[in-house]
Amino acid sequence: MSNNVSCSKHEETLAKLKRSLHRKRGSIKTFITNFMRILSDWETDPDSRDPDYLEASLETLQRNFIRFDDLQDQLEKIDLTEDTKRIEYEESYNKAVGKTRRFLREAAKVPPHVFAPITRMQPSLLVTLPQISLPKFDGLPIYRLY
Numbered sequence: 262m263s264n265n266v267s268c269s270k271h272e273e274t275l276a277k278l279k280r281s282l283h284r285k286r287g288s289i290k291t292f293i294t295n296f297m298r299i300l301s302d303w304e305t306d307p308d309s310r311d312p313d314y315l316e317a318s319l320e321t322l323q324r325n326f327i328r329f330d331d332l333q334d335q336l337e338k339i340d341l342t343e344d345t346k347r348i349e350y351e352e353s354y355n356k357a358v359g360k361t362r363r364f365l366r367e368a369a370k371v372p373p374h375v376f377a378p379i380t381r382m383q384p385s386l387l388v389t390l391p392q393i394s395l396p397k398f399d400g401l402p403i404y405r406l407y
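Position in the sequence shown counted from 1, then plus 261, gives you the working numbering.
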């Protein structure tokens, strides 16, 4: 009977651990989903594109995705069927990172909008100025003082 009790406690502990790991992995999925929304906005609204914001968002995604391998490894130890999720998450992450890098490269190629006032070219007037003759200095008066 004690084996059954310890076995059920072990299963209960594993189930709690699995739920906890699923929640943590779910938060990573949320980061990826939110980031994909940022990329979608980037594509659909060119006027609101901010490369610095996109780069900062990418860094946040990368910092959070670092935890994924450890979480997924633990889940796969508990349940072997979890290995298919690894591929799904990694594909989503890699697509997001690849798309972001492409967007940032394209943004770096496009020069920022420079607004210069439009002015009319006036024809230049030709004015002839009189010549002025300047006295030439030969240095002699300075040497006479000494």
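Beta carbons: idealized from backbone N, C-alpha and C, even for Gly.
Please report the distance separating the alpha-carbon of residue i from that of residue j.
{"i": "Ser-309", "j": "Glu-351", "result": "28 Å"}
{"i": "Asp-252", "j": "Ala-368", "result": "Look at the range of the chain in this structure, 262 to 407, and you will see that residue 252 is not part of it."}
{"i": "Arg-363", "j": "Lys-290", "result": "22 Å"}
{"i": "Lys-285", "j": "Glu-349", "result": "16 Å"}
{"i": "Thr-361", "j": "Cys-268", "result": "48 Å"}
{"i": "Lys-370", "j": "Glu-316", "result": "16 Å"}
{"i": "Tyr-314", "j": "Met-297", "result": "14 Å"}
{"i": "Thr-321", "j": "Pro-307", "result": "22 Å"}
{"i": "Pro-312", "j": "Leu-365", "result": "6 Å"}
Quick one, are the C-beta atoms of residue i and residue j less than 8 Å apart?
{"i": "Leu-336", "j": "Leu-275", "result": "no"}
{"i": "Glu-340", "j": "Lys-270", "result": "A small correction: the amino acid at residue 340 is Asp; Glu does not occupy that position in the sequence shown. No, they are not a contact pair."}
Helix, strand or coil, according to DSSP, for residue i in the structure here?
{"i": "Thr-389", "result": "coil"}
{"i": "Pro-396", "result": "coil"}
{"i": "Ile-327", "result": "coil"}
{"i": "Asp-306", "result": "coil"}
{"i": "Asp-344", "result": "helix"}
{"i": "Asp-311", "result": "coil"}
Around the C-beta of residue i, are 16 or more other C-beta atoms found within 10 angstroms, so that it is buried, or is it exposed?
{"i": "Ser-394", "result": "exposed"}
{"i": "Ser-301", "result": "exposed"}
{"i": "Tyr-354", "result": "buried"}
{"i": "Gln-392", "result": "exposed"}
{"i": "Leu-319", "result": "buried"}
{"i": "Glu-273", "result": "exposed"}
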